[in-house]
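Asks: Read top to bottom, the protein sequences are chains H and D. As numbered in this note's numbering, residues 1 to 371 make up the first sequence, in order. As numbered in this note's numbering, residues 1 to 528 make up the second sequence, in order. Using N, Cα and C, we set each Cβ at its ideal position, and we do this for glycine too. Bear in mind the structure is a predicted one, so any value in this text is a computation, not a measurement. Mind looking over this structure? Questions follow.
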Amino acid sequence: MFSSNDKISSRQIKRLLVFDVFGAASLLLPSQLAKSGNGIGLWSILAGTVFAGVYLWLLHSCCCRMPSDYMAYLKTGWGSFLSRLFYVCYAILSIVTCAWAAKLLAELMCGTLLDSTQFASALLVILLLALYGAAAGMEARARVYELLFWVLVLPLVVLLLLCVRQVQVIQWFPMLGESDAISWSWFWSGTWQCFAAFLPLTFVVFLVPHVQDLKKAGRAAAGAVILNGAALALLYLILLGIFGSGALAKEQYPVITLMGMVKIPGDFIKRLDAVMVGGWFFTLYALIGTTLYYGVVIMRRALTNREADSSQGISKHVWFFALAAVAYAAGFWFHLSPNAEVLAMKLFYVAGVPFAVVVPVVSLFICRGEG
Amino acid sequence: MKEKEHIQTAKARPRVNRQEKLTTQEEVHPVFAHVSENKQFLQQLFGGSADIKMREMLLGKDRVRCLAAYIEITAGSLAFENSLVGRLLNDLAYLPAQQIYQSLADNGQGLCDVTPFDNIEDAVQFGLLTGDVILFIDGFASALKIPDKGYPNMGVTKPDSEKVIRGSQEGFADSVKVNTALIRKRVRSTKVRVKEVRAGLYSHTNIDLVYMEGLVYPSLLEEIERRLDSYTIDGVLDSGTIEQLAEDEWYSPFPQFQTTQRPDRAAIAVMEGRVVLLCDNSPTALILPTDFNAMLKTSDDYYNRFQIASLERLIRYASAVMALALPAFYLAVTNFHTQILPTSLLLSFAAARQGVPFPAVVEVLLMELSFELLREAGVRLPGAMGNTIGIVGGLIIGQAAVEANLVSPIVVIVVAFTALSSFAIPNEELATSFRILKFYMIALSAWLGLFGFLASALSILIHLAKLRSFGIPYLMPYVGAELNGYEDERDSIVRYPLFWMRTRPIYARRFARLRLTFGSKKNKGKER
Chain H
1 MFSSNDKISS RQIKRLLVFD VFGAASLLLP SQLAKSGNGI GLWSILAGTV FAGVYLWLLH
61 SCCCRMPSDY MAYLKTGWGS FLSRLFYVCY AILSIVTCAW AAKLLAELMC GTLLDSTQFA
121 SALLVILLLA LYGAAAGMEA RARVYELLFW VLVLPLVVLL LLCVRQVQVI QWFPMLGESD
181 AISWSWFWSG TWQCFAAFLP LTFVVFLVPH VQDLKKAGRA AAGAVILNGA ALALLYLILL
241 GIFGSGALAK EQYPVITLMG MVKIPGDFIK RLDAVMVGGW FFTLYALIGT TLYYGVVIMR
301 RALTNREADS SQGISKHVWF FALAAVAYAA GFWFHLSPNA EVLAMKLFYV AGVPFAVVVP
361 VVSLFICRGE G
Chain D
1 MKEKEHIQTA KARPRVNRQE KLTTQEEVHP VFAHVSENKQ FLQQLFGGSA DIKMREMLLG
61 KDRVRCLAAY IEITAGSLAF ENSLVGRLLN DLAYLPAQQI YQSLADNGQG LCDVTPFDNI
121 EDAVQFGLLT GDVILFIDGF ASALKIPDKG YPNMGVTKPD SEKVIRGSQE GFADSVKVNT
181 ALIRKRVRST KVRVKEVRAG LYSHTNIDLV YMEGLVYPSL LEEIERRLDS YTIDGVLDSG
241 TIEQLAEDEW YSPFPQFQTT QRPDRAAIAV MEGRVVLLCD NSPTALILPT DFNAMLKTSD
301 DYYNRFQIAS LERLIRYASA VMALALPAFY LAVTNFHTQI LPTSLLLSFA AARQGVPFPA
361 VVEVLLMELS FELLREAGVR LPGAMGNTIG IVGGLIIGQA AVEANLVSPI VVIVVAFTAL
421 SSFAIPNEEL ATSFRILKFY MIALSAWLGL FGFLASALSI LIHLAKLRSF GIPYLMPYVG
481 AELNGYEDER DSIVRYPLFW MRTRPIYARR FARLRLTFGS KKNKGKER
């Protein structure tokens, strides 16, 4: 009969990665980068994208050398204990990212579509949806985003085009800042943030069992990095040209504010932010779904040594429920205690991102691969 | 105390005896040499049923006794030349006994479909109970099945649903044999195969699997047969029973088998490498595997020019979205996010709702439920009255409800538009699934506004994304189109010109997908 092999196509990989990265990055990066002043942020985006490309190339090299999966590959260089420990760290990184993204989406929904009293309900609905999506498996998630791609991208492109005439190019300058030490530190900080936004690329190494042609998959992932970099740069320039760096830095979600300012010819519909926030609902949901899915897959592999879709041992649905509950608790905690969120973000930048980079890079040297 | 005991006893007693097996007696008896013994056996077997008729006759020069057994109505006058039985009896009327036996053994009358059976059970099962006459003759050790009028059925009529402007107006009949012939009439190829299976322990329903050898995946056929064989049920009276017992995801509201009442739709499916399942006594054929896109196509999509076919498909897709989401979107916007409406529209909405005592969600639910009631009443009532109900309900009750300030005119418009949209979906089962899910979307939108709307839409999408029909992703060709080199996208929401649709969809075997080439047939023949 027809194949039912849990494999996904290169088009699906590309679209999934675009959504995984774009949602949170487009919401938060512009205001963060605007703090560096004027056009420096653009160079940070470009540099961050280049570094993400290099990172992807390293990950792809790891993938090409894997005997069966990432765990088996790590074991050849790090030994069983360390490999499992790394897997647990990956799982924690994944679940914390899931909780943070769910909290971000719930807050976005409460800020734009609901009122703040409904945070708990919004978070619950988001995580239940993520649970349903993640439990449906890799193929189902990939299909959802393969289908939604143009549905989400086309309106966004049209609205951005409608905004272009409001852009004041003068606001982009000076493009290189003041070229002093402070500007350089802003540049590197922005680059690091931008690179961190590409962190969902890390999960590419866990995608290997779902991929039929690694070469094609690598090209698709590279396409996703380039597309994201271009979209973020374009969005940043539009936002900077309309708001100016000062106002942009103060906005919490500048792209949503921008959508509220778009005037549709004919004026038959107003305040498009309420409608367009749907686009970010789907993109952020992609990140939540991805991180929850990988959180379960990785944790299960680390603790039970079982394949992701194996039905042996504790049912995978129990794992999904358990880790979704953990994500709910963490998300709620981040919401109640902003200090906890700040601490988590700091840990993410100083420990999470370096961990995600160092392990595969060192593995390239010490692990025995097939290639 | 007594009541408690009674409850306990009831609880202790299982509702279904799991040890009980659904089986029938498998003992067989050879046909007796004497007609009287056969008659006695049949009388015992049927317990003297009034509709089982047994007529004894004397045949030929030697006055050989014979017995014709049949179900009342299924046989005409046995003496008439124009019936097969009558002709047979007339032919044998003047022969000696030995020649009668010889003639019957050799089918000397050259009658088609006269089948001998060696045991009575088979003769009864495959002869008498299928509406044929069985003939026992003294000294002849076989029972002969002779077809006659057969069971009454409706014959070929226009299909109730899937109406088309261009194309054949024939619809499937109740008889599986007629339906098979209707497909074969359209695909006159020696590669068309019909595989017959039986389902239903007591109903012994004939099920025909029609497919094209060489196009269909053998593993698909095996899987279908495996699923048909995986359950035992007392009776199958319609293809819907088979559908429910054989589908992958029983809890899904979406149909995983495509249904059709049109032979041309079924013929298209056969030529696409799919399997058509025909069930006796059902004018509804099942087509498998299927996908969402296939259910929004009609057969005249391929008869009309591509522009009109594409426009119609776009309208159908839009109407499917409306049927599912319009009331929920209306609720989300009017209850939570009025800021997206222009002021003038907002004011007219507010003015329309003035004096209505219910919240918007109650209004919408009231109207939706009323509409479902009207639909149900319209279907159940006899033809002319059913139409009247639609007019009375839609116009008079709607108008009265607005005038009585029970609902606002906007809600009537929204619900009417939703209903209209659901009628534009060609597949009734798909339209029904949208009708059910509409209430789910209304509930979430009433609770969480646009966020609830988005959440419900996403959950439905995830569900659709994980659905399969015999391994084919339900959302083909919008997902997984890579599997067939993106060729299937040419027959999706937009139908490409026919000369660009050169390959069969993914259902057909990998190396048998070419369906259109250009150039003279003569040359093609030489090339081969």
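How should I224/D be labelled, buried or exposed, when 16 other C-beta atoms within 10 angstroms of its C-beta is the threshold for buried?
Replies: buried
Asks: Let me know the secondary structure DSSP gives A193/D once reduced to three states.
Replies: Checking the sequence, you will find Arg at residue 193/D rather than Ala. Note: R193/D maps to strand in three-state DSSP.
Asks: Please list the terminal residues of the continuous beta strand (DSSP E) segment that includes N206/D.
Replies: Judged by DSSP secondary structure, N206/D falls within the beta strand (DSSP E) whose first and last residues are 205-212.
Asks: Evaluate contact between the stretch 102-114 of chain H and the stretch 225-243 of chain H, counting only Cβ atoms and requiring at least three cross-stretch pairs below 8 Å.
Replies: no
Asks: Between T517/D and R502/D, what straight-line distance do the alpha-carbon atoms span, to the nearest angstrom?
Replies: 7 Å
Asks: Tell me the rounded alpha-carbon separation between L128/D and Y70/D.
Replies: Across the structure, L128/D and Y70/D are spaced so that their CA atoms are roughly 6 Å apart.
Asks: Quick one: is E196/D buried, meaning 16 or more other Cβ sit within 10 Å of its Cβ, or exposed?
Replies: exposed
Asks: Can a CB atom of chain D be found closer than 7 Å to the CB of G133/H?
Replies: The beta carbon of G133/H sits closer than 7 Å to some beta carbon of chain D.
Asks: Any Cβ of chain D within less than 7 Å of the Cβ of F281/H?
Replies: yes
Asks: Measuring alpha carbon to alpha carbon, tell me which of F371/D, F499/D, E403/D, Q125/D ends up nearest I389/D.
Replies: F371/D
Asks: Could you tell me the boundaries of the alpha helix (DSSP H) in which E403/D lies?
Replies: 398-403
Asks: Exposed or buried, which one is S36/H when buried takes at least 16 other CB atoms within 10 Å?
Replies: buried
Asks: Taking only three categories from DSSP, how would you classify S445/D?
Replies: helix
Asks: If we require 3 or more residues per run, which beta strand (DSSP E) segments fall completely within the stretch 242-292 of chain D?
Replies: 258-260, 275-279, 285-288
Asks: Note down, in chain order, each residue of its chain lying with its Cβ closer than 7 Å to the Cβ of K11/D, except the 5 sequence neighbours on either side.
Replies: Below a pLDDT of 50, predicted positions are generally treated as unreliable, and K11/D, at 47, falls in that range; no measurement from the model is reported.
Asks: Looking only at its chain, what residues have a beta carbon closer than 8 Å to the beta carbon of L160/H, apart from the 5 residues adjacent to it on each side?
Replies: L234, L235, I238
Asks: What did DSSP end up calling C63/H once you bin it into helix, strand or coil?
Replies: Correct three-state label for C63/H: helix.
Asks: Looking at the C-beta of Y478/D, does it have a partner C-beta in chain H at a distance below 7 Å?
Replies: yes
Asks: What first and last residue would you give for the alpha helix (DSSP H) that runs through A327/H?
Replies: 316-336
Asks: If we require 4 or more residues per run, which alpha helix (DSSP H) segments fall completely within the stretch 147-174 of chain D?
Replies: DSSP runs (the alpha helix (DSSP H)) wholly in the stretch 147-174 of chain D: none.
Asks: Mind the definition here: the stretch 59-71 of chain H touches the stretch 199-211 of chain H only if three or more C-beta pairs lie below 8 Å; say whether that holds.
Replies: yes
Asks: Counting C-beta neighbours from all protein chains within 10 Å, is the total for R313/D 16 or more, i.e. buried, or is it exposed?
Replies: With a threshold of 16 other beta carbon atoms within 10 Å, R313/D meets it and is buried.
Asks: Run through the stretch 322-380 of chain D for me and flag every whole alpha helix (DSSP H) of 4 or more residues, listed as ranges in chain order.
Replies: 343-353, 360-380
Asks: Judging by CA-CA distance, which residue of S337/H, K263/H, Y285/H, L199/H is the nearest neighbour of V353/H?
Replies: L199/H
Asks: Does the CB of S9/H have a neighbour CB from chain D at under 7 Å?
Replies: yes
Asks: So, do the stretch 489-503 of chain D and the stretch 473-481 of chain D have three or more beta carbon pairs nearer to each other than 8 Å?
Replies: yes
Asks: List, in chain order, every chain H residue whose beta-carbon is nearer than 7 Å to that of I473/D.
Replies: The residue asked about is misnamed: residue 473/D is Pro in this sequence, not Ile. By Cβ distance, chain H contributes R143.
Asks: Between M109/H and chain D, is there a C-beta pair that is closer than 7 Å?
Replies: Using a CB distance cut-off of 7 Å, M109/H counts as an interface residue toward chain D.
Asks: Could you give the DSSP three-state label for Y132/H: helix, strand or coil?
Replies: helix
Asks: Could you give the distance in angstroms between the alpha-carbon of C64/H and the alpha-carbon of V361/H?
Replies: 14 Å
Asks: Only counting the same chain, and skipping five residues up and downstream in sequence, which positions put a Cβ closer than 6 Å to that of M299/H?
Replies: A91
Asks: Taking the alpha-carbon positions, what's the T49/H to A231/H distance?
Replies: 11 Å
Asks: Using only CA atoms, which one of I8/H, K7/H, L16/H lies nearest to A224/H?
Replies: L16/H
Asks: Can the beta-carbon of G273/D be found less than 7 Å from the beta-carbon of R504/D?
Replies: Yes, Cβ-Cβ distance for G273/D and R504/D is below 7 Å.
Asks: What's the gap between the Cα of Q8/D and the Cα of A135/H?
Replies: Below a pLDDT of 50, predicted positions are generally treated as unreliable, and Q8/D, at 48, falls in that range; no measurement from the model is reported.
Asks: Compare the C-beta of G223/H against all C-beta atoms of chain D and say whether one is closer than 7 Å.
Replies: no
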